[in-house]
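For the sequence shown, the numbering used here begins at 12 and goes up steadily by one. Positions of the beta carbon are idealized from the N, C-alpha and C atoms, including for glycine.
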Amino acid sequence: MKPDQFFALHELVGMKTNSKASRGAYAVLVQGMKQTEASKFLECSQSTISASVNRIKTAQRLANKGAIRY
């Protein structure tokens, strides 16, 4: 995912800008880090990273669905 896509989806789901969950999702989705690596690097639980990644992916899926409907 490109950074601009991430930040647009991040805004849509209303995540806090500088939270560990937000930074973890960015590390996974934009930088390609594994969830376990991101959780260790940010010193937070893997479930926190997983939940934030899922929020962004769900928003992306819903946005893509809406984009192809007429």
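- For Arg66, same chain residues with a beta-carbon under 6 Å away, outside a window of 5 residues either side, are Val24 in chain order.
- With contacts defined as CB atoms closer than 7 Å, Gly35 and Ala49 qualify as a contacting pair.
- Around the Cβ of Leu73, a 10 Å sphere holds fewer than 16 other Cβ atoms; the residue is exposed.
- Across the set Gly77, Lys76, Ser61, the C-alpha of Ser61 shows the shortest separation from the C-alpha of Leu40.
- Beyond the five residues adjoining it in sequence on each side, Met26 comes within less than 6 Å, by CB distance, of Ser33 in the same chain, given in chain order.
- Cβ neighbours of Phe17 within its own chain (closer than 8 Å, five residues either side excluded): Ala36, Tyr37, Leu40, Val41, Ile67.
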